[in-house]
Amino acid sequence: MSEFTVHTGALRTIADSCTAAARAVESVCADLPPAARTLADRLESDTAALRRLADAAEEIAAWYELAEQRAAADELRTLGAFAPTRPGMEPPAPDPAPALTPMLGETVMARFRDA
(Lines of atoms letter the chains of each structure in order from A; the text may use other names.)
(Lines give C-alpha, C1' and ligand atoms only; values in the text may rest on other atoms or scores of the structure.)
Protein backbone atom coordinates (compact mmCIF):
# COMPACT_ATOMS: atom_id res chain seq x y z
CA MET A 19 0.00 0.00 0.00
CA SER A 20 1.51 3.28 -1.05
CA GLU A 21 1.76 6.49 0.92
CA PHE A 22 -0.80 8.03 -1.45
CA THR A 23 -3.32 5.25 -0.76
CA VAL A 24 -3.00 5.76 3.00
CA HIS A 25 -3.53 9.52 2.72
CA THR A 26 -6.41 9.08 0.28
CA GLY A 27 -8.14 6.64 2.63
CA ALA A 28 -7.70 8.98 5.59
CA LEU A 29 -9.06 11.95 3.62
CA ARG A 30 -12.08 9.94 2.46
CA THR A 31 -12.73 8.95 6.10
CA ILE A 32 -12.55 12.62 7.14
CA ALA A 33 -14.95 13.57 4.34
CA ASP A 34 -17.40 10.82 5.32
CA SER A 35 -17.23 11.82 8.99
CA CYS A 36 -17.81 15.50 8.18
CA THR A 37 -20.75 14.64 5.94
CA ALA A 38 -22.29 12.42 8.64
CA ALA A 39 -21.80 15.16 11.26
CA ALA A 40 -23.39 17.72 8.93
CA ARG A 41 -26.41 15.47 8.43
CA ALA A 42 -26.75 14.97 12.20
CA VAL A 43 -26.59 18.73 12.82
CA GLU A 44 -29.17 19.36 10.09
CA SER A 45 -31.45 16.79 11.71
CA VAL A 46 -31.09 18.50 15.11
CA CYS A 47 -31.78 21.91 13.55
CA ALA A 48 -34.96 20.61 11.96
CA ASP A 49 -36.25 19.50 15.38
CA LEU A 50 -35.45 22.73 17.24
CA PRO A 51 -38.39 24.92 18.25
CA PRO A 52 -38.66 28.43 16.75
CA ALA A 53 -37.49 29.93 20.07
CA ALA A 54 -34.10 28.29 19.55
CA ARG A 55 -33.61 29.85 16.11
CA THR A 56 -30.32 31.57 17.09
CA LEU A 57 -28.84 28.22 18.06
CA ALA A 58 -30.18 26.69 14.86
CA ASP A 59 -28.55 29.46 12.81
CA ARG A 60 -25.20 28.81 14.48
CA LEU A 61 -25.55 25.08 13.94
CA GLU A 62 -26.40 25.63 10.27
CA SER A 63 -23.28 27.74 9.94
CA ASP A 64 -21.26 24.90 11.49
CA THR A 65 -22.93 22.49 9.08
CA ALA A 66 -21.85 24.62 6.12
CA ALA A 67 -18.28 24.60 7.45
CA LEU A 68 -18.39 20.81 7.83
CA ARG A 69 -19.61 20.45 4.26
CA ARG A 70 -16.81 22.73 2.99
CA LEU A 71 -14.29 20.64 4.94
CA ALA A 72 -15.74 17.45 3.45
CA ASP A 73 -15.52 18.94 -0.06
CA ALA A 74 -11.91 20.00 0.53
CA ALA A 75 -11.00 16.53 1.82
CA GLU A 76 -12.59 14.93 -1.25
CA GLU A 77 -10.71 17.28 -3.57
CA ILE A 78 -7.38 16.62 -1.86
CA ALA A 79 -8.07 12.87 -1.99
CA ALA A 80 -8.67 13.19 -5.74
CA TRP A 81 -5.29 14.92 -6.12
CA TYR A 82 -3.62 12.11 -4.14
CA GLU A 83 -5.27 9.55 -6.45
CA LEU A 84 -3.96 11.44 -9.48
CA ALA A 85 -0.46 11.56 -7.96
CA GLU A 86 -0.66 7.82 -7.27
CA GLN A 87 -1.67 7.12 -10.88
CA ARG A 88 1.20 9.24 -12.16
CA ALA A 89 3.67 7.51 -9.84
CA ALA A 90 2.44 4.12 -11.06
CA ALA A 91 2.78 5.23 -14.70
CA ASP A 92 6.32 6.49 -14.02
CA GLU A 93 7.20 3.18 -12.39
CA LEU A 94 5.88 1.25 -15.40
CA ARG A 95 7.91 3.45 -17.73
CA THR A 96 10.99 2.84 -15.60
CA LEU A 97 10.47 -0.91 -15.84
CA GLY A 98 10.16 -0.67 -19.61
CA ALA A 99 6.44 -1.38 -19.77
CA PHE A 100 3.83 1.23 -20.44
CA ALA A 101 0.11 0.96 -19.83
CA PRO A 102 -1.65 4.32 -20.30
CA THR A 103 -4.25 4.97 -17.63
CA ARG A 104 -5.77 8.03 -19.28
CA PRO A 105 -5.86 9.61 -22.72
CA GLY A 106 -2.86 11.85 -23.21
CA MET A 107 -0.46 9.60 -21.28
CA GLU A 108 1.04 7.93 -24.34
CA PRO A 109 4.64 6.76 -24.14
CA PRO A 110 7.29 9.22 -25.25
CA ALA A 111 8.53 8.92 -28.83
CA PRO A 112 11.72 6.90 -29.19
CA ASP A 113 14.95 8.84 -29.34
CA PRO A 114 15.94 9.17 -33.03
CA ALA A 115 19.65 9.00 -32.12
CA PRO A 116 20.05 6.65 -29.17
CA ALA A 117 23.14 7.11 -27.06
CA LEU A 118 26.04 4.78 -27.70
CA THR A 119 26.34 1.98 -25.22
CA PRO A 120 29.63 1.99 -23.28
CA MET A 121 30.82 -1.14 -25.07
CA LEU A 122 30.07 0.23 -28.52
CA GLY A 123 31.76 3.49 -27.57
CA GLU A 124 34.88 1.60 -26.49
CA THR A 125 34.91 -0.37 -29.76
CA VAL A 126 34.66 2.80 -31.84
CA MET A 127 37.41 4.50 -29.83
CA ALA A 128 39.67 1.43 -30.22
CA ARG A 129 39.24 1.56 -34.01
CA PHE A 130 40.23 5.23 -34.08
CA ARG A 131 43.30 4.52 -31.94
CA ASP A 132 44.36 1.61 -34.17
CA ALA A 133 43.90 3.57 -37.40
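Counting the sequence shown from 1 gives a position; the working numbering is that position plus 18.
Even for Gly, the Cβ is constructed at its ideal location relative to N, Cα and C.
For clarity, every value in this text was computed on a predicted model and none was experimentally measured.
Out of 86, 68, 57, which one is the CA nearest neighbour of residue 41? Here residue 41 refers to the residue found at position 23 when the sequence shown is read from its first residue. Checking every option, the nearest Cα to that of residue 41 belongs to 68.
Going by other Cβ atoms of all chains shown within 10 Å of its Cβ, with 16 needed for buried, is residue 84 buried or exposed? The count along the sequence shown starts at 1 and reaches residue 84 at position 66. Under this definition residue 84 is an exposed residue.
Contacting residues, own chain, Cβ-Cβ under 6 Å from residue 71 (five flanking each side not counted): Translated into positions along the sequence shown, residue 71 becomes position 53. 36, listed in sequence order.
Which residue wins for smallest C-alpha separation from residue 23, given the options 96, 90, 95, 94? Within the sequence shown, residue 23 is the residue found at index 5, counting from 1. Among 96, 90, 95, 94, the Cα nearest to that of residue 23 is on 90.
Thinking C-alpha only, which one of 88, 93, 87, 79 is nearest residue 31? Translated into positions along the sequence shown, residue 31 becomes position 13. If we check each option's Cα against that of residue 31, 79 comes out closest.
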